[in-house]
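**Q**
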Ligand SMILES: Cc1cc2nc3c(=O)[nH]c(=O)nc-3n(C[C@H](O)[C@H](O)[C@H](O)COP(=O)(O)OP(=O)(O)OC[C@H]3O[C@@H](n4cnc5c(N)ncnc54)[C@H](O)[C@@H]3O)c2cc1C
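Residue numbers (full-length UniProt numbering): 1 to 412.
1) Using 8 Å as the threshold, is the segment 324 to 335 in touch with the segment 303 to 315, meaning 3 or more CB pairs across them?
2) Specify the secondary structure class of residue 408 as computed by DSSP and reduced to three states.
3) In the structure shown, what three-state DSSP assignment does residue 4 receive?
4) Going by other Cβ atoms of all chains shown within 10 Å of its Cβ, with 16 needed for buried, is residue 123 buried or exposed?
5) Just to confirm the assignment: which complete alpha helix (DSSP H) runs, minimum length 4, are found wholly within the segment 304 to 339?
6) So residue 179 is in the beta strand (DSSP E); what residue range does that whole segment cover?
7) For residue 398, which three-state DSSP category applies?
8) Run the CB neighbour count on residue 132, radius 10 Å, all protein chains shown included, and call it buried at 16 or more, exposed below.
9) Per DSSP, what are the beta-bridge partners of residue 237 in this structure?
10) Over what stretch of residues does the beta strand (DSSP E) that includes residue 100 continue unbroken?
11) For a test of the three-state rule: what should DSSP assign to residue 113, helix, strand or coil?
12) Spatial neighbours of residue 6 within its chain, please: C-beta separation below 6 Å, excluding the five flanking residues on both sides.
13) Under 8 Å, do residue 135 and residue 32 count as touching if we go by C-beta distance?
14) State the Cα-Cα distance for the pair residue 259 and residue 390, rounded to the nearest angstrom.
15) Considering only heavy atoms of ligand 1, does any lie closer than 7 Å to the CB of residue 202?
16) So residue 195 and residue 163 are in contact, right, with Cβ under 8 Å, and what is the actual spacing, rounded?
17) Kindly indicate if chain B contains any beta-carbon less than 8 Å away from that of residue 132.
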């Protein structure tokens with residue numbers, strides 16, 4: 001994004017395909033979870049601000065389906081984690097006990113999720129959050145795109161929207177704009193690079209971000225089946241995955257849960273002295289025949305067997321990999337580049353940032369205007385070191401090179 005305060009002109013250099021959201025954005029999706037994240041002060045503040053905007057802001061509220069969310073588990077470790085999460089919510093001291101309820105018995109779980117059977121939820125414990133639910137992701141981004149176009153924001157598409165490199169003043173370090181791959185040049189007081197999983201391939205982030213793919217698949221319900229699942233809460237189990245109520249066409253999205261897939265290659269981002277090993281996303285938009293690894297078919301099926309046993313025979317479709325970029329500590333990377341004045345990074349989503357769509361821009365503007373709070377600036381600072389391949393997940397990502405089954409390029 002090129003942002004010129006003098007003329008208040010904002011140019012969004014977007015993507016490869018003319019659509020909002022971009023077909024390769026992680027947000028180009030039916031739905032994403034809305035939940036409260038308590039890991040640290042900035043995370044909690046961001047979650048509460050975004051919840052308020054999803055609930056009340058005219059632009060965003062049509063896309064928030066506040067059906068609630070149940071975190072559940074039946075394993076000893078999973079239940080202990082859930083209990084810890086519940087205690088942290090209570091300890092936050094901001095009244096979260098009003099919206100978060102511990103589900104101790106099978107009856108309590110069945111009361112919230114009548115489609116489950118008693119047999120199915122044997123040994124489960126749960127944590128129900130009435131502030132949770134899901135966000136109609138692609139529709140929300142599209143609405144913002146339309147709003148911004150109405151406000152006069154200019155979008156560049158195709159080569160005219162694909163970042164190639166920053167442009168610098170004669171001092172070689174003050175950024176004065178950017179060049180796109182078609183050779184267009186946009187001049188600006190400040191440039192914000194917010195390219196999600198592509199960010200570490202575009203400029204050298206010194207291994208602070210490792211981009212990884214997560215996967216999902218869809219199943220089609222009949223209208224009668226879909227009716228029974230209307231308005232059910234989002235169900236999440238960290239050892240299996242999660243699913244959402246069907247959309248208006250009876251489509252349910254199912255995700256498994258795992259530490260992501262990297263795609264390491266020799267690659268030279270701008271600013272690196274020579275090619276280095278970088279995890280480079282490969283988008284479904286540019287490679288529409290890509291699906292996901294064979295191993296994902298097994299884990300997605302396992303999630304369906306766990307949550308939707310009646311639908312185990314259903315055909316899966318839209319098998320998709322979707323790319324995010326992890327930092328080592330799972331905090332965002334939102335800061336000025338340490339060597340390039342006026343070049344701002346807004347990335348490091350760490351796979352949990354869709355919910356921040358309404359409010360993260362406000363804090364990026366605070367950074368541009370030098371009014372960002374100290375705790376956010378500290379959490380989001382430039383911070384090489386640490387293990388972004390593993391991040392805070394249970395294990396390091398496996399590499400797609402070792403995961404057969406996802407690539408279906410036509411043989412030449
Ligand atoms: C399967 C899956 C499930 C998820 N579930 C949730 C969830 O339940 N809740 C939640 O909050 N989050 C969830 N996330 C994470 C969330 O989607 C991301 O954190 C968030 O969308 C990242 O936003 P972003 O703007 O940083 O990146 P993106 O939305 O990916 O946007 C990056 C943009 O940069 C553009 N771009 C790429 N290269 C260039 C270039 N050279 N020049 C210009 N533009 C470029 C892309 O086209 C794209 O539009 C999930 C992610 C996945 C993959």
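Don't be surprised by glycine CBs; every beta carbon is placed ideally from N, CA and C.
Treat the numbers as computed from the prediction; the structure is a model and nothing was measured.
**A** So, from the data block:
1) The segment 324 to 335, when compared against the segment 303 to 315, does not touch it at the 8 Å Cβ threshold.
2) In the chain shown, residue 408 corresponds to position 408, counting from 1. It is coil, neither helix nor strand.
3) Your numbering for residue 4 matches position 4 in the chain shown. Caution is warranted here: a pLDDT of 41 is assigned to residue 4, below 50, making its placement in the model unreliable, and no coordinate value can be reported.
4) Reading the chain shown from its first residue, position 123 is the one you call residue 123. Label assigned to residue 123: exposed.
5) List check, alpha helix (DSSP H) in window: nothing returned.
6) Here residue 179 refers to the residue found at position 179 of the chain shown. That run of the beta strand (DSSP E) goes 175 to 180.
7) Translated into the one-based positions of the chain shown, residue 398 becomes position 398. Correct three-state label for residue 398: strand.
8) Here residue 132 corresponds to residue number 132 of the chain shown, with the count starting at 1. Result: buried.
9) By 1-based counting over the chain shown, the position of residue 237 is 237. Paired residues: 241.
10) Here residue 100 refers to the residue found at position 100 when the chain shown is read from its first residue. Start and end: 100 to 103.
11) Sequence index remark: in the chain shown, residue 113 carries index 113 (1-based). Three-state DSSP puts residue 113 in coil, outside helix and strand.
12) Counting from 1 along the chain shown, the entry for residue 6 is found at position 6. Because residue 6 sits at a pLDDT of 39, beneath the cut-off of 50, its placement in the model cannot be relied upon, and the following sentence gives the value as read from the coordinates. So no residue of the chain qualifies.
13) Taking the chain shown and counting its residues from 1, one reaches residue 135 at position 135. Taking the chain shown and counting its residues from 1, one reaches residue 32 at position 32. In this structure, residue 32 lies closer than 8 Å to residue 135 by Cβ.
14) Here residue 259 is taken as the residue at index 259 of the chain shown, counted from 1. Here residue 390 is taken as the residue at index 390 of the chain shown, counted from 1. One C-alpha to the other measures close to 8 Å.
15) Here residue 202 refers to the residue found at position 202 when the chain shown is read from its first residue. Residue 202 Cβ: within cutoff of ligand 1.
16) Counted from its first residue, the chain shown places residue 195 at position 195. Counted from its first residue, the chain shown places residue 163 at position 163. Contact between residue 195 and residue 163 holds: their C-beta atoms lie close to 7 Å from each other, under 8 Å.
17) No chain B is part of this structure, which consists of one protein chain only.
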